[in-house]
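Each protein sequence line maps, in turn, to chains A and B.
Quick note, the working numbering runs 69 ahead of the 1-based positions in the first sequence.
Quick note, the working numbering runs 69 ahead of the 1-based positions in the second sequence.
Idealized CB from N, CA, C, for every residue including glycine.
Given the structure is predicted, the values throughout are model-derived calculations rather than measurements.
Protein chains: 2
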Amino acid sequence: MAKTRARWQSGTTIKDVATHAGVSPMTVSRVLNNEPVVKPATRSRVMEAVKELNYRPNFSARSLAKARSFFIGLLYDNPSAGYVSEFLDGAVRRCRADRYHMVLENCSEADEEGGDLITETLSQANVDGVIILPPVSNNPSVIQAVENLGLPYVRIAPDGEENDAPAVGINDYEAAYQMTRHLIDLGHSQIGFIKGHPNQGSSHERYRGFADAMAAAGLTVDRASVAQGYFDFRSGIEATEALLSGDNRPTAIFASNDDMAAAAITMARKFDLEVPEDLSVVGFDDTPIAGTTWPALTTVRQPIAEMAEAAVGVLIRDLKGDSDAPVQKRWLLDCTIVERDSSAKPKPS
Amino acid sequence: MAKTRARWQSGTTIKDVATHAGVSPMTVSRVLNNEPVVKPATRSRVMEAVKELNYRPNFSARSLAKARSFFIGLLYDNPSAGYVSEFLDGAVRRCRADRYHMVLENCSEADEEGGDLITETLSQANVDGVIILPPVSNNPSVIQAVENLGLPYVRIAPDGEENDAPAVGINDYEAAYQMTRHLIDLGHSQIGFIKGHPNQGSSHERYRGFADAMAAAGLTVDRASVAQGYFDFRSGIEATEALLSGDNRPTAIFASNDDMAAAAITMARKFDLEVPEDLSVVGFDDTPIAGTTWPALTTVRQPIAEMAEAAVGVLIRDLKGDSDAPVQKRWLLDCTIVERDSSAKPKPS
DNA sequence: CTGTTAGCGCTTTCAA
DNA sequence: TTGAAAGCGCTAACAG
């Protein structure tokens, strides 16, 4: 017995369809690729044959002939879990519209291997282009590897402006500015801020947004009202303790991410402060945690899925090569503030 | 000027390498595929040529010739974010060992489309096999579509036993049993249980494990000590309230997942109960939330990455077809209990 | 151990 | 508007 052909192949080829429809394989190909030149009558004849034979094109063959794989690689490391999966949603959705597919590549070992692993993996994956998630989007050796392969790529939320490859990110500054305004508009003037990890660009942007909004409102930001955090829960605990132990206790705390905001809420209780009555707490990111704090957290929602769609869109456009105009290099999407229950007017004291 | 060839192609082919090394293309192919027959001297000569020419194999061509794509599809919907991303880690890692790659397919629209979308997408994706995450692993129309395509597949944590395709899951019953033992061993005898969503098989298994452990210890489980939840925070709040309002207030609460356990911790405070001094609370899943409750949550850790590795391993073995022996159909991996700060001995009253 | 031949299934190119 | 020929880059099968 002949070794069965791979099970995923339906077995029928374009040739069978051609015979069945009484045309040449080439015509079938044209129909399948939606080329407009085919006569409607012929087209429908072919379509019928396709249906009847339950024909499925072989995409390896197509890739080989077209020299395009219709696969897009996604390089990630281990950002917050929610980030990847929400990103995937957007990316996969956008891909489907153009019949592309996402291939995943974990880059956590990229550092030791110095990019060689990426090079090998990526060329095996046979992708037409690559999307690079943070923090990999700031990893020079990975970027280098991708460039050496000659692959077009889009970076997500990269820190610096070191190169001119397209990048998609969020407007951290603006979002932090608006969130600060939200607190100010509620009537707060003593606002504490918990910074993010100093090795990440967004930390600085968020702080800038906060500081500028305060300044614009004529409010002062002194040392005592800013605490250093590192994006994790534990550091949020310590930062909050510092903020709440001072003389001029703030009536609101703006943490640079949700984990630290959750910590602030927890810590408030140790100080016998009710949230939001005695202390408003707001975060950033709208991670799942925001829905499981008590009270539920007012926070900044990143349009992660939209970023994904944008990134895939840019890449596909590039791949198609139908944009001769110099492409825009940097997209900054706007966030939205999700008002839940952890922020309110300060108690009239 | 000729249309440039796709950028991901290095341009050099197996033929160039062959010429450069003074052998036939076939020999190069054998070297590249690690076939042991090649004479070491020849092999190294080829390797050098590969290096010098910076040759990268074209995987579409290989796929076409081998009738295998080396892609594995991952069908998911939207389980908890952490689940997907941890699963991916394990899957991608395991794939790399055999030079496979993961292609992602979102199935959230599968219900309306009745499987047709999946059929189309999947045949385009050109995958050799498929791994199906919950809750899709219980979606009959998706399973049907995959089977129609003749694709081998592995389901993750499916509920029933309706079919005999391979499946990988965790031993919910055993884990719940052990966690209950943990509480009993600490000295608790009044233990409240918050059930999970009744439409999921794991809810029942976890409850069974709890009930059996209690029975085995000679402890009674009455109506008042079991509350219905639905896996979300809100339902955990209500369930805990019910549990804590009764006459025989429990000294420990076992929630069927972490979200509900987080709710239990929150609710305990409303009742002026300290955790774990007055009330122990334990969860299930070890989601990121478990690290951001206060106190940190004792919970059951699922070996998600291991499940992924197992699933990919099974699939690849099947794909290789090198196992003639009837394959095992169902794997149940063991969980581990992560003891943190939310469980302790009951206060001597 | 290595080479030759003949495709894999589709698309490009050119001709009709 | 359609078809014929000639590969895309690689590997199975067979010879030697």
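Hey, does residue i have any beta-carbon neighbour from chain A nearer than 8 Å?
{"i": "GLY360/B", "result": "yes"}
{"i": "GLN193/B", "result": "yes"}
{"i": "ASP403/B", "result": "no"}
{"i": "ASN175/B", "result": "yes"}
{"i": "ASP328/B", "result": "yes"}
{"i": "ASP158/B", "result": "yes"}
{"i": "THR96/B", "result": "no"}
{"i": "LEU431/B", "result": "Only positions 70 to 418 of chain B appear in this structure, which leaves residue 431/B out of reach."}
{"i": "ALA331/B", "result": "yes"}
{"i": "PHE340/B", "result": "no"}
{"i": "THR190/B", "result": "yes"}
{"i": "VAL161/B", "result": "yes"}
{"i": "THR82/B", "result": "no"}
{"i": "ILE200/B", "result": "no"}
{"i": "THR335/B", "result": "yes"}
{"i": "PHE300/B", "result": "no"}
Give the range of the beta strand (DSSP E) segment to which residue i is assigned.
{"i": "GLN269/B", "result": "Taken as a continuous stretch (DSSP letters only), GLN269/B belongs to no beta strand (DSSP E), as it is neither H nor E."}
{"i": "ILE322/A", "result": "321-324"}
{"i": "ILE406/A", "result": "405-407"}
{"i": "ARG399/B", "result": "399-402"}
{"i": "ARG88/B", "result": "Residue 88/B is actually Thr in this sequence, not Arg. Unbroken run through THR88/B is the alpha helix (DSSP H), 83-90; no beta strand (DSSP E)."}
{"i": "ARG131/A", "result": "Segment 128-135 is the alpha helix (DSSP H) holding ARG131/A; no beta strand (DSSP E) there."}
{"i": "VAL369/B", "result": "368-370"}
{"i": "SER349/B", "result": "349-351"}
Specify, as a first and last residue, the run of the alpha helix (DSSP H) that residue i falls within.
{"i": "VAL381/A", "result": "373-389"}
{"i": "THR188/B", "result": "185-194"}
{"i": "THR96/B", "result": "94-101"}
{"i": "LEU122/B", "result": "109-122"}
Between which residues of its own chain and residue i is the CB-CB distance below 6 Å, once the five residues before and five after are set aside?
{"i": "ALA236/B", "result": "ARG224, PRO227 and ARG399"}
{"i": "LEU255/A", "result": "LYS414"}
{"i": "ALA240/A", "result": "Sequence check: residue 240/A is Asn here, not Ala. Around ASN240/A: LEU401 and ASP403."}
DSSP beta-bridge partners for residue i?
{"i": "ILE334/B", "result": "In the DSSP output, where bridge partners are listed per residue, ILE334/B has none listed."}
{"i": "GLU174/A", "result": "LEU144/A"}
{"i": "TRP435/A", "result": "Because chain A here runs from 70 to 418, residue 435/A falls outside it and cannot be looked at."}
{"i": "ASP316/B", "result": "Paired residue(s): none; ASP316/B is not in a bridge."}
{"i": "ASP354/B", "result": "ARG370/B"}
{"i": "VAL199/B", "result": "GLY142/B and TYR222/B"}
Please confirm whether residue i has its beta-carbon closer than 8 Å to some beta-carbon of chain B.
{"i": "HIS266/A", "result": "no"}
{"i": "ARG76/A", "result": "Bear in mind that the predicted position of ARG76/A carries a pLDDT of just 37, short of 50, making it unreliable; the figure below should be weighed with that in mind. So yes, ARG76/A belongs to the interface."}
{"i": "SER144/A", "result": "Position check: residue 144/A holds Leu in this sequence, whereas Ser was assumed. So, not an interface residue."}
{"i": "SER154/A", "result": "yes"}
{"i": "MET171/A", "result": "yes"}
{"i": "ARG168/A", "result": "yes"}
{"i": "ALA130/A", "result": "yes"}
{"i": "THR320/A", "result": "no"}
{"i": "ARG165/A", "result": "yes"}
{"i": "SER138/A", "result": "yes"}
{"i": "THR88/A", "result": "no"}
{"i": "TRP400/A", "result": "no"}
{"i": "ARG125/A", "result": "yes"}
{"i": "PHE353/A", "result": "no"}
{"i": "SER411/A", "result": "no"}
With a CB to CB cut of under 7 Å and the five nearest residues on each side skipped, what residues in its chain are close to residue i?
{"i": "LEU384/A", "result": "ILE141, GLY198, ILE200, PRO221 and VAL223"}
{"i": "SER272/A", "result": "LYS264, GLY265, HIS266 and SER325"}
{"i": "SER138/B", "result": "SER132, ASN195, VAL196 and ASP197"}
{"i": "ASN217/B", "result": "THR188"}
{"i": "GLU408/B", "result": "THR367"}
{"i": "ARG370/A", "result": "ASP355, CYS404, THR405 and VAL407"}
{"i": "ALA394/B", "result": "With a pLDDT of 48 at ALA394/B, under the threshold of 50, the modelled position of that residue is not reliable, and the figure given next carries that caveat. Answer for ALA394/B: no residue qualifies."}
{"i": "LEU122/B", "result": "THR81, ASP85, VAL86 and HIS89"}
Minimum length 3: unbroken beta strand (DSSP E) runs contained in the stretch 202-231 of chain A: 222-225
Length-filtered (3 minimum) beta strand (DSSP E) runs lying within the stretch 236-301 of chain B: 236-239, 260-264 and 295-297
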